[in-house]
Ligand SMILES: *[C@@H]1O[C@H](CO)[C@@H](O)[C@H](O)[C@H]1NC(C)=O
Ligand SMILES: *[C@@H]1O[C@H](CO)[C@@H](O)[C@H](O)[C@H]1NC(C)=O
Ligand SMILES: *[C@@H]1O[C@H](CO)[C@@H](O)[C@H](O)[C@H]1NC(C)=O
Ligand SMILES: *[C@@H]1O[C@H](CO)[C@@H](O)[C@H](O)[C@H]1NC(C)=O
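Structure (structure tokens):
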């Protein structure tokens, strides 16, 4: 740690006395306990990997919104690409595939799609009506395509263009919608492509859009009714936890008539969460997990197609501030409302610090207007500098920096043993946390962690030690911590399962 200058040191001591008492070596908030929370992930904001069965009865479910596809011509042996990433023709001359060679679906229904390229244009035919181009900035002026898979080999596809003809890779730099192919899937048919699905999204947008207005409302209601129920709150409280972090989506603020494809009814479940929290004396950290336009392109922010469009227009920011105002005003009189997290995990590559800082300052004021004492939680950007929000929070009272610590999602963990994973918590995470936990700055919160790792074949005792190490180290965060998540088909990600099976002891 850097040595603080004497003035800050003095202020630090004053604020330590003002805000904390030290007992048994643990830092405690005077009015409030340290947060030991669990996330209620996958409930009011869908994440398919947490409950895959939610997607089971969707027809053609490989082709949901945001499915990212690459196509290799069978005759030319090269990938289709949006030349220059988009704005001009489609070519068939790439030997390897990455961004320009990736096409993202906007689902219309189970068989028809708009298709979006790297620079966000949509595919269509040019004015000759034959050549495939990516020049429309609006899906409405683009084309509608069908993707037909070979029944005994779904990796082979033919793509029907808006004029009813199939696309073909005529030459390396000419892709046209005038195939005379007879649909026999012969190797010499230039309308046959081998397709790779490189990414799927299974979020709230996908599930509601794919089931559509006739089925989605009931399917979501059944999910909300059963995934988290009152007895979960009872269990959480009796397990020694004192709070829940509740991920919510922006559309819940316009319940009961959210914009399509979202379905109405979610708000009453958030109301229930607050009632149950009050009944079982649990604090609520309301976490805006999905903001309009998506702040990170992941399914858990309800991205339609993986692009990040939150913060790129003033409208997305103003809408988000309205959402924060709606939730804060609605729950401020419930004694369980403890903290409002303004946005979860904005991604540094798509959200600039300038835009985010401006939003955080405006969001802080909106919360303060209705809730003078609630904590205001600022999520660090994924991929940003871990200290970059300290100046943003410096003018705020009761501000909290949220960091998410996983021994996952990076190849540095690939070859680590059990002991090395635990050492990483005790040394590296501990140092990272200490570096942002300043005596006169915002509080710190490890708002997501899990006792899962890339180690295979670990014993129950290994998991117990891993979880204990994280509780100890993350227990030094001055606001507290929250496990990701309560329920999950993957046992180690389910705190419910981990506690009930003795893998986590609180
Ligand atoms: C799907 O949408 C397309 C384009 O709007 C329409 O022509 C087609 O009839 C629809 N198909 C189904 C199965 O609803
Ligand atoms: C599609 O475009 C090609 C080239 O103009 C044309 O030959 C073909 O008839 C068109 N197909 C339909 C169904 O309009
Ligand atoms: C692919 O074709 C386009 C258009 O002719 C050309 O500009 C580009 O250089 C070609 N790329 C490769 C890798 O051959
Ligand atoms: C963890 O911290 C130690 C000590 O600072 C350092 O040597 C090591 O490289 C770090 N490990 C990783 C995986 O970054």
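Numbering (the numbering used here), first residue to last: 31 to 536. Backbone N, C-alpha and C fix where the C-beta goes; we use that ideal spot for every residue, glycine too. On a predicted model such as this, the values are computed, not experimentally measured, just so you know.
- Any heavy atom of ligand 3 within less than 5 Å of a residue's beta carbon puts that residue on the list, which reads 121, 123 and 203.
- In this structure, residue 249 lies away from residue 512, with their beta-carbon atoms at least 9 Å apart.
- Screening all residues for a C-beta within a distance smaller than 7 Å of any heavy atom in ligand 4 leaves 442, 454, 457, 458 and 461, in chain order.
- DSSP places residue 168 in the coil class of the three-state scheme, outside both helix and strand.
- In this model, residue 455 and residue 506 are separated by some 12 Å (Cα to Cα).
- Contact fails between the stretch 205-215 and the stretch 294-307, because fewer than three Cβ pairs, one in each stretch, are under 8 Å apart.
- One residue list follows from the rule of a beta carbon closer than 7 Å to any heavy atom of ligand 1, given in chain order as 138, 139, 140, 141, 142 and 174.
- It is roughly 28 Å from the alpha-carbon of residue 127 to the alpha-carbon of residue 382.
- In this structure, DSSP gives residue 100 an extended state, which the three-state scheme calls strand.
- Under DSSP, residue 510 shares a beta bridge with 65 and 475.
- Bounds of any beta strand (DSSP E) do not take in residue 467, whose DSSP letter is neither H nor E.
- Counting only the Cα atoms, residue 508 lies some 21 Å from residue 401.
- Three or more Cβ pairs closer than 8 Å define a contact, and the stretch 282-289 falls short of that threshold against the stretch 516-532.
- A Cβ-Cβ distance of about 6 Å is found for the pair residue 240 and residue 94, placing them in contact under the 8 Å criterion.
- In the DSSP annotation of this structure, residue 254 is not part of any beta strand (DSSP E); the continuous alpha helix (DSSP H) holding it starts and ends at 234-257.
- According to DSSP, residue 434 shares a beta bridge with 478.
- Unbroken beta strand (DSSP E) stretches of 3 residues or longer found wholly inside the stretch 132-219: 133-137, 142-146, 152-155, 162-166, 175-180, 183-190, 198-201 and 204-206, given in chain order.
- Contact between the stretch 466-485 and the stretch 423-430 is established, with three or more Cβ pairs separated by less than 8 Å.
- When beta bridges are read from the DSSP output, residue 269 appears opposite no residue.
- In the displayed model, residue 385 falls within a helix according to three-state DSSP.
- Beta-bridge pairing by DSSP links residue 394 to no other residue.
- For residue 225, the enclosing beta strand (DSSP E) starts and ends at 223-229.
- In this structure, the CA atom of residue 294 is about 8 Å from the CA atom of residue 282.
- Judged by beta-carbon spacing, residue 446 lies within the 9 Å limit of residue 437, meaning their Cβ atoms are closer than that value.
- Looking at the DSSP output, residue 279 sits in a beta bridge with 320.
- In the DSSP assignment, residue 290 falls outside any alpha helix (DSSP H), carrying neither H nor E.
- In the structure shown, residue 75 adopts coil according to DSSP, grouped into three states.
- With a cut-off of 8 Å on Cβ pairs, the stretch 105-115 is in contact with the stretch 137-150, counting three or more such pairs.
- By a beta-carbon distance limit of 8 Å, residue 220 does not contact residue 125. Their separation comes to about 18 Å.
- In the displayed model, residue 409 falls within a strand according to three-state DSSP.
- Here residue 185 is exposed. Its C-beta has fewer than 16 other C-beta atoms within 10 Å.
- Distance from the CA of residue 223 to the CA of residue 335, rounded to the nearest whole angstrom, comes to 22 Å.
- With fewer than 16 other Cβ atoms inside 10 Å of its own Cβ, residue 439 counts as exposed.
- Inclusion of residue 397 and residue 280 in the CB contact set at 9 Å is not warranted, their separation being larger than that value.
- In the three-state DSSP reduction, residue 521 falls in the helix class (H, G or I).
- In the three-state DSSP reduction, residue 452 falls in the helix class (H, G or I).
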